[in-house]
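**Student:** For what it's worth, my numbering labels the leading residue of the sequence shown as 1086, then goes sequentially. To start, I am sharing the structure in question, which I have written as structure tokens.
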Amino acid sequence: MGSNNLTGYIPTSIGSLSNLTSLHLHENKLDGEIPPSLQNCHSLLIFNVRNNILSGNIPNWIPHGVKALQLRSNSFSGNIPVEMCQMSSLIILDIADNTISGYIPNCLGKIPNEIGNMKKLESLDFSRNQLSGEIPESLSSLSFLSYLNLSYNNLTGKVPLGTQRQGFSEFSYIGNHDLCGAPLTKLCSQDGKFKDTKGGSESEFLSWFYIGIESGFVTGFLGVCFAIFLNKKWRHTYFKFLCDLRDRINVMLVIKINSFCQRGQVA
């Protein structure tokens, strides 16, 4: 039922579909909240409602067997429920482009010795929300994680240096003004909790400095070319200069070649 013009609420009667394994309601115009009756769909594996107008909090009762949870581009608010950490089968978690606030639960990255929480997670997208606090160090232990996007939130502190996390580019973290450390260009202070604003300012100054030099060179070069093109006298003078320069180079080359040949004959 995805990619249609469906409107209204998700019906509560959907909870009677106890054998439902996949529910695709993405790219419609559905509003309201996710009905609590959905928790009766114990066989649900894929729940995709991205690009709608759904609101309210993210439910804390989503079936634990869900493998793909896609809530992107709605109007969900509130915190990320801690109960989500019990979804050990989850592979794709996408709640980007909502108004989610609060902290990223530490349990998202924990892999206990027994049954690890969310140990199968491969894709995690929290971008364009209002999440705050630091990125939990435990997130680096998600060995299957191949896609991570935490951009455009209010995250602070240092990007964890876990070996699994180092493979992600700066685009995974941009838009968090108080976030620092590799792969971002902002440097951290020694305690790793605050960004080094001085270093960031100097880097930004140097970037604009080089941009200014390049822009000035291009502008000056184009200005000279434009003036030569419009002024007939300057144009003749310029081409005469090029012809003279060409003749001088040719003469110098001939002299050098003759000198080299004469040395070869003497030898």
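In this text, a Cβ means the ideal position worked out from N, Cα and C, and glycines have one as well.
Between residue 1199 and the rest of its own chain, which residues show a CB-CB distance below 7 Å, the 5 nearest in sequence each way excluded?
**Tutor:** The pLDDT assigned to residue 1199 is 33, lower than 50, so where the model puts this residue is not dependable; a value taken from the coordinates is nonetheless given after this. Here the set comprises nothing.
**Student:** What are the residues that DSSP puts in a beta bridge with residue 1239?
**Tutor:** Its beta-bridge partners are 1217.
**Student:** Buried or exposed for residue 1111, please, with buried defined as at least 16 other CB atoms from any protein chain shown within 10 angstroms of its CB.
**Tutor:** Burial call: buried.
**Student:** Between the C-alpha atoms of residue 1236 and residue 1126, what's the straight-line distance to the nearest angstrom?
**Tutor:** Roughly 33 Å separates the two Cα atoms.
**Student:** In the DSSP output, what is residue 1155 paired with across the bridge?
**Tutor:** Residue 1155 pairs with 1133 and 1179.
**Student:** Let me check understanding here. Comparing Cα to Cα, which of 1214, 1218, 1334 and 1268 lies closest to residue 1160?
**Tutor:** Comparing Cα positions, the closest option is 1214.
**Student:** How big is the Cα-Cα spacing for residue 1116 and residue 1273?
**Tutor:** If you take the alpha carbons of residue 1116 and residue 1273, they lie about 43 Å apart.
**Student:** Thinking C-beta only, is residue 1187 closer than 8 Å to residue 1216?
**Tutor:** Yes; because the gap between Cβ atoms is below 8 Å, this pair is in contact.
**Student:** Taking residue 1091 as the reference, which of 1134, 1102 and 1169 has the closest Cα?
**Tutor:** Measuring from the Cα of residue 1091, the nearest candidate turns out to be 1134.
**Student:** Should residue 1206 and residue 1183 be called a contact, given that it needs their Cβ atoms to be closer than 8 Å?
**Tutor:** Taking 8 Å as the Cβ cut-off, residue 1206 and residue 1183 do not qualify as a contacting pair.
**Student:** Tell me the residue span of the beta strand (DSSP E) that contains residue 1108.
**Tutor:** Residue 1108 -> beta strand (DSSP E) spans 1107 to 1109.
**Student:** CB residue 1254 to CB residue 1234, shorter than 8 Å?
**Tutor:** Their beta carbons are not under 8 Å apart, which means residue 1254 does not touch residue 1234 by this criterion.
**Student:** Excluding sequence positions up to five away, which residues of its chain have a Cβ less than 6 Å from the Cβ of residue 1191?
**Tutor:** Hits under 6 Å: 1221 and 1223.
**Student:** Using alpha carbons as the reference points, say which of 1149, 1158 and 1245 lies closest to residue 1176.
**Tutor:** Comparing Cα-Cα distances from residue 1176 to each of 1149, 1158 and 1245, the minimum goes to 1149.
**Student:** Here's the rule: buried if 16 or more other CB atoms are within 10 angstroms of the residue's CB, otherwise exposed. What is residue 1132?
**Tutor:** When all chains shown are included, residue 1132 counts as buried.
**Student:** Excluding the five sequence neighbours on either side, which residues of its own chain have a C-beta within less than 6 Å of the C-beta of residue 1334, listed in chain order?
**Tutor:** No residues qualify anywhere along the chain.
**Student:** In the DSSP assignment, what residue or residues form a beta bridge with residue 1163?
**Tutor:** The partner list for residue 1163 (beta bridge, DSSP) reads 1185.
**Student:** Which residues in the same chain as residue 1128 place their Cβ atom closer than 6 Å to its Cβ, once the five residues preceding and following it in sequence are excluded?
**Tutor:** Contacts found: 1104 and 1106.
**Student:** Compute the Euclidean distance between the alpha carbons of residue 1109 and residue 1086, then round it to the nearest angstrom.
**Tutor:** About 6 Å.
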